[in-house]
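Each step along the sequence shown adds one to the number in the numbering used here, with nothing skipped, and position 43 is 39. Quick reminder that beta carbons are idealized off the backbone N, C-alpha and C, glycines included. Notes follow the structure.
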Amino acid sequence: MNPSPKLLSPANHALVLIDFQGQMAFATKSIDMNELRTNVDIIAGASKIFNVPTVVTTVAEETFSGPVFPEVEESYPQLTSGYLNRTSMNTWEDKAAYQAIVGKGKQKIVFAGLWTSVCIVSAVLSAIAENYETYFITDACGDLTAEAHERAVERMVQAGAYPTTSLQYLLELQRDWARTETYEAVMQLAMKHAGAYGIGIQYARKMLHH
């Protein structure tokens, strides 16, 4: 009856959102930008619903890459979240970002961001090298080409990282529909962003409770 220790729960991991910024998005071609933004909204919203310790980090925010996505800003406003701006492409090599991540005290770390083959793969491999159990959300990452994204995914998996998706992340945190304290917020997020599944939730609510 015990769940797998490989499953994510609200209390057993930290989430790291890397470089969801305009300049990084302009060149991202491996995923449709509307789809990427939707998936970012799902994971940022999920982490907020479940109070997951979350680090938001940016690169050259004021001089080159620009502000974070509105979806990140909505869940984690700059004034209260204090984004960690870097010069290093590898988040793990930035002292402030590194200390913020490991300071969460979680053995499991979940990554998402832009670009997969640069800022995500370098942070994931670095975390693995320090014996962290590392996950990454494939459909909340993107790159200049599908080839670059896919090879980075393969490289991380071969190194021992665990791939997941945005909706999987949300539902894995909820896991039990008897968890009433988060149920309604999860349903609202799913209806808004989970495609046909979300429409199905809306349909069932309207038709079965008419």
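Within 8 Å, strictly: CB atoms of residue i and residue j
| i | j | result |
| --- | --- | --- |
| A148 | S113 | yes |
| D139 | S26 | yes |
| T83 | V12 | no |
| I208 | T160 | Nothing about residue 208 can be read from this structure; the chain reaches only from -3 to 206. |
Per-residue burial, residue i [other beta carbons within 10 Å of its own, 16 or more giving buried]
| i | result |
| --- | --- |
| Y199 | exposed |
| Q154 | exposed |
| Q95 | exposed |
| I39 | buried |
| F22 | exposed |
| R201 | exposed |
| L4 | buried |
| T59 | exposed |
| M20 | buried |
| L204 | exposed |
| H206 | Unreliable placement is indicated for H206, whose pLDDT of 49 sits below 50; the coordinate value is still reported in the next sentence. Exposed, since its Cβ has fewer than 16 Cβ neighbours within 10 Å. |
Given residue i as reference, the closest of the options once Cα atoms are compared
| i | options | result |
| --- | --- | --- |
| I124 | T134, N8, G156 | G156 |
| T50 | R82, I97, I197, M(-3) | I97 |
| R175 | I45, S0, I39 | I45 |
| E57 | N35, I14, S43, K25 | I14 |
| A190 | N35, S77, T141 | N35 |
| M29 | F65, M203, G99 | F65 |
| K100 | A10, L167, L75, S0 | A10 |
| C137 | G18, T24, D90 | T24 |
Straight-line Cα distance separating residue j from residue i
| i | j | result |
| --- | --- | --- |
| S71 | L185 | 12 Å |
| S61 | T53 | 12 Å |
| F107 | A92 | 17 Å |
| D37 | Y79 | 17 Å |
| G194 | L163 | 11 Å |
| E126 | V55 | 23 Å |
| Y165 | Y158 | 12 Å |
| N(-2) | A42 | 23 Å |
| A192 | L110 | 27 Å |
| H145 | P63 | 23 Å |
Chain-order list of residues whose beta-carbon lies under 6 Å from that of residue i (same chain, five-residue window excluded)
| i | result |
| --- | --- |
| N8 | K104 |
| K2 | none |
| T130 | I105, V120, A123, I124, A157 |
| M85 | V114, C115 |
Close-in-space but distant-in-sequence residues of the same chain around residue i (CB under 7 Å, 5 per side omitted)
| i | result |
| --- | --- |
| R151 | V117 |
| Q170 | T178, V182 |
| K188 | G194 |
| A142 | S26 |
Contacting residues, own chain, Cβ-Cβ under 8 Å from residue i (five flanking each side not counted)
| i | result |
| --- | --- |
| P6 | F46, N47, V48, L169 |
| W173 | Y179 |
| V68 | L13, F16, V36, A40, V52 |
Residue-level contact to chain D via CB, residue i, 8 Å cutoff
| i | result |
| --- | --- |
| L110 | Judged by its chain identifiers, the structure shown contains no chain D, having just a single protein chain. |
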